[in-house]
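Quick note on numbering: the sequence shown equals residues 82 to 393 in my numbering.
Heads up, the beta-carbon is just placed ideally off N, CA and C, and yes, glycines get one too.
Just so we're clear, the structure is a prediction, and the values are computed from it rather than from any experiment.
Some notes on the structure that comes next.
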Amino acid sequence: MSSRKIIIDTDPGQDDAVAILLALASPELEVLGLTAVAGNVPLELTARNARIICELAGRADLPVYAGCDRPIKRDLFTAEKVHGKSGLDGIELPVPAMALQDQHAVDFIIETLRREPPGTVTLCPLGPLTNIATALTQAPDIAERIDQVVLMGGAYFEVGNSTPTAEFNIYVDPDAAKIVFGAGLDLTVLPLDVTHKALTSPERNAAFAAIGTPVGKAVAAWTGFFERFDKEKYGSPGAPLHDPCVIAYLLRHDLFSGRRVNVEIETESALTLGMTVADWWGVTDRPPNALFIGDLNAQGYYDLLTERLARL
Ligand code: RIB
Ligand code: CA
82 MSSRKIIIDT
92 DPGQDDAVAI
102 LLALASPELE
112 VLGLTAVAGN
122 VPLELTARNA
132 RIICELAGRA
142 DLPVYAGCDR
152 PIKRDLFTAE
162 KVHGKSGLDG
172 IELPVPAMAL
182 QDQHAVDFII
192 ETLRREPPGT
202 VTLCPLGPLT
212 NIATALTQAP
222 DIAERIDQVV
232 LMGGAYFEVG
242 NSTPTAEFNI
252 YVDPDAAKIV
262 FGAGLDLTVL
272 PLDVTHKALT
282 SPERNAAFAA
292 IGTPVGKAVA
302 AWTGFFERFD
312 KEKYGSPGAP
322 LHDPCVIAYL
332 LRHDLFSGRR
342 VNVEIETESA
352 LTLGMTVADW
362 WGVTDRPPNA
372 LFIGDLNAQG
382 YYDLLTERLA
392 RL
């Protein structure tokens, strides 16, 4: 069976790190490159963190590209309060020895999609959609060459985590999200509606630690740090491990369920900026443009994560 080619666009972030490790541990997937974007922390740190993760996985050969350092129109809004100053707080890892690629991430995305046969590359955005939207704007021809876009972002029944109505990845760059959701792509969205059902727990974190490898130790440390913010905020027993849901969906979409609906992005209202307005009950005549995932088998997700991470 040939591997599915993917590009992971990312703003590491502890949960991004687990998603990237899951992808690198899975032979069903061929990661063509990591494209860093400003989000959880500024671009210089997300580009550095992406390389830290590659080296932790023994993949210093994997090309990492730096992309956009700020949203298309707005100022950058970051999330150090969740991820720590470095973006990967929780464990000290070596400064990366591998270099960044010289090519800009947007140019890499465009060049790769124009080179690879149409319909063979899936884009996996795990942060704000600035790189993806910029690529679509600079090279509209790539839209029809993309197989699928499977992204973490948005919220509807679960409401927002950055404002009362907006999830972080969409809120940081709503204008980019509007471009991506309006590009006629084969789009699958993993919003807070599903990621908030994928909570860490002492048992699940212990299973990561029990892997007994540097990867297992790092993942347990990252989830232990990352979860503190949401546990306090929501008073929940654990925190949502958002981004690995994207990769897990590619590997085992049977673990997930959702509905094809219309999803529009609010880019005007100051009150609801960045809201993903999902027409879940089909009350408008707006055509469906996304598979909006609402549920998962949480234990199956964590079992997959633990089994795969043990392979690195
Ligand atoms: O709202 C959660 C998302 O924002 C995740 O991708 C997390 O890494 C942050 O980027
Ligand atoms: Ca992220």
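Strand pairing of residue i, partner residues [DSSP]
i, result
"G375", "DSSP, once it has assigned bridges, lists no residue as partnering G375."
"S338", "D376"
"L204", "I88 and V230"
"V145", "L115"
"V74", "Outside the shown range of the chain, which is 82 to 393, sits residue 74, and nothing can be said about it."
"L280", "P321"
"I346", "T357"
"V270", "L232 and F373"
"L110", "R85"
Cα-Cα separation between residue i and residue j, rounded to whole angstroms
i, j, result
"V118", "D324", "14 Å"
"V270", "D366", "20 Å"
"G80", "P209", "Lying before the first or after the last residue shown, residue 80 is absent from the chain, which here runs from 82 to 393."
"D188", "P255", "22 Å"
"K312", "P321", "9 Å"
"F307", "S317", "13 Å"
"I153", "G381", "37 Å"
"G165", "A302", "13 Å"
"E225", "L266", "8 Å"
"E161", "R309", "13 Å"
"L185", "L113", "Looking at the sequence provided, one finds His at residue 185 rather than Leu. Taking the straight line from one Cα to the other gives about 15 Å."
"A100", "L217", "24 Å"
"T281", "A220", "40 Å"
"T387", "V300", "10 Å"
"D335", "L157", "36 Å"
"A291", "K298", "8 Å"
"A180", "I191", "21 Å"
"L268", "H277", "20 Å"
CA nearest to the CA of residue i, picked from the options
i, options, result
"E125", "F337, T276 and C149", "C149"
"M356", "A236, S84, G305 and T387", "A236"
"G200", "D90, T218, I88 and D228", "D228"
"E347", "G263, A160 and T218", "G263"
"V253", "V261, I260 and S243", "S243"
"W362", "L105, S107 and F238", "F238"
"L354", "N286, G171 and T246", "T246"
"L195", "D222, Q182 and L232", "Looking at the sequence shown, residue 195 is not Leu but Arg. For R195, the nearest C-alpha among the options comes from D222."
"N286", "D384, N343, C326 and T159", "D384"
"L352", "E284, R392, G168 and G241", "G241"
"P368", "E349, N343 and S350", "N343"
"F249", "P144, T159, I191 and D183", "T159"
"S84", "E284, A104 and G171", "A104"
"E35", "N370, E284 and E111", "No information on residue 35 is available, as it lies outside the stretch 82 to 393 that the chain covers here."
"A288", "H277, L143 and G305", "G305"
"N370", "F337, K259 and G139", "K259"
"G120", "V296, A141, E284 and D96", "D96"
"D170", "R140, Q182 and A98", "A98"
Ligand 3 heavy atom lying under 6 Å from the CB of residue i
i, result
"N286", "With respect to small molecules bound, the structure shown includes ligand 1 and ligand 2 and not ligand 3."
Beta-carbon spacing of residue i, residue j below 7 Å
i, j, result
"A279", "A128", "no"
"L377", "R341", "no"
"T294", "L207", "no"
"A106", "L390", "yes"
"A257", "A214", "yes"
"G375", "V230", "no"
"E345", "V364", "no"
"M233", "V327", "yes"
"K86", "V202", "yes"
"G168", "N212", "no"
"E136", "P108", "no"
"I88", "L174", "no"
"S138", "L102", "Position check: residue 138 holds Ala in this sequence, whereas Ser was assumed. In this structure, L102 lies closer than 7 Å to A138 by Cβ."
"L143", "V296", "no"
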